[in-house]
Structure formats: structure tokens, C-alpha cells
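FYI, the numbering for the sequence shown is 1 to 157, going by full-length UniProt numbering. See below for the structure under consideration.
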Amino acid sequence: MNLYVRSANGYRVASVDEVVSAAKRAINRKYRRGQAFTSPKVVEDYLRVKLSYEDNEKFVALWLDGRHRLIAYEELFQGTIDGTSVYPRVVVQKAIAHNAAAVIVAHPHPSGVAEPSAADENITRRLKQALELVDIRLLDHIVVGKQCVSLAARGLL
């Protein structure tokens with residue numbers, strides 16, 4: 001199935017980048033501030049659109065209110081093709097600045113293999129501990145590749 005875009009000479013087949021950009025615009029329209037994330041699948045679909053086609057790792061947060069409605073999506077840290085540094089202190093500061101009651105963090109694995117590393121598990125534990133000190137719940141840490149892997153579903157939260 002091809003997607004077409006309007007051009008000066010009529011229509012042409014859309015590039016992958018154009019399709020990804022269109023999908024990101026659509027997901028941003030659907031999930032604006034105040035939209036509730038009602039299930040893990042909804043969160044995974046949202047993050048898959050946002051992060052699946054990244055060439056480098058980045059660490060992002062979905063800041064949520066007490067009813068799991070989106071306050072903001074924020075890119076916190078940029079990385080390389082196989083890693084990024086995450087600082088719990090910065091995550092806590094940002095959570096407080098957004099007045100978040102809960103947070104879901106995520107990052108892509110550009111390789112497409114979403115299996116969490118030992119470092120992913122370690123930072124998840126550290127973030128949970130740091131956020132608990134200020135009464136903010138870490139609901140999940142999702143690794144995005146060809147599939148999404150939830151560390152909460154694996155019992156790590």
C-alpha cells in the first residue's frame with residue numbers, strides 16, 4: 001500500500017520520513033494536554049509513533065496528573081546509537097516543575113531489539129526510588145524497538 005502526497009505535478013508516493021512526520025502530527029493532535037492514557041496498549045502505541053524511527057537513543061517522559069492525563073511529553077536526554085546518560089536528579093526536578101503525580105519514561109533502542117539491558121533495569125530502580133521521595137509514581141519504563149517492552153509488566157516496578 002502506498003501513501004501519496006500532493007506535489008507541484010499532482011501526487012507522488014510519500015517517503016518514509018513524510019509518513020512518520022504525518023503519524024507524529026496525528027498522534028500529537030490526538031494526545032494533547034489532558035488526554036488520559038487508559039491502558040498500557042494506548043501508551044505503547046503513542047510511544048511507538050514517537051520513538052520507533054529514532055537513529056539515536058533518547059530518554060523521554062510522559063508527565064501525568066493524578067488521573068493519568070497527559071500534562072506534557074518531554075525529551076529529557078539525548079544519546080548515541082547505543083546509550084544515553086540519565087540523571088535521576090534532573091528527572092525529579094522536571095517532575096516537580098510539571099507538578100506531575102505520575103510519570104512514564106521511555107527510550108528507543110535504534111537496533112530494533114527492545115530487550116531491556118541491565119543498565120535499563122538499574123536506572124528504572126534508581127528513578128523509582130528518587131521519585132518516591134517526592135511522592136511521584138513511576139508507572140512504567142518502556143523500551144521501544146520493533147516491539148515495546150514494559151519493565152512494569154516484567155515486575156521491575
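We put the CB at the ideal spot given by N, CA and C, even for glycine. Keep in mind the model is a prediction, meaning the values are calculated, not measured.
Using DSSP with H/G/I as helix, E/B as strand and the rest coil, what is residue i?
i	result
residue 158	Since the first residue shown for the chain is 1 and the last is 157, residue 158 is missing from the structure and cannot be characterised.
L51	helix
V113	coil
R137	strand
L131	helix
A106	strand
Y87	coil
R69	strand
A152	coil
A97	helix
K58	strand
Relative to the C-alpha of residue i, which candidate in the options has its C-alpha closest?
i	options	result
E54	S39, V43, P40, D82	D82
E115	A36, L76, A153	A153
E44	K146, T80, R137, I123	K146
V134	V92, P110, V105	V92
V90	L76, H109, I142, S39	L76
L51	R126, H109, A36	H109
D120	A102, G112, V149	V149
G112	R67, N56, A118	N56
Y73	E132, A130, A36	A36
P88	A61, H68, R69, S39	A61
Residues in its own chain within less than 8 Å of residue i by CB, not counting five upstream and five downstream?
i	result
I71	R33, W63, L64, D65, H98, N99, A100
A130	P88, R89, V91, V92
Leaving out five residues on either side along the sequence, give the residues of the same chain with a beta carbon under 6 Å from the beta carbon of residue i.
i	result
I123	V86
H141	V105, T124, L151
T84	E57, F59, F77
How big is the Cα-Cα spacing for residue i and residue j?
i	j	result
V49	Q78	18 Å
K128	I136	9 Å
L138	A95	10 Å
K58	V42	20 Å
T80	V143	15 Å
T38	R67	9 Å
L156	A118	11 Å
E132	L47	24 Å
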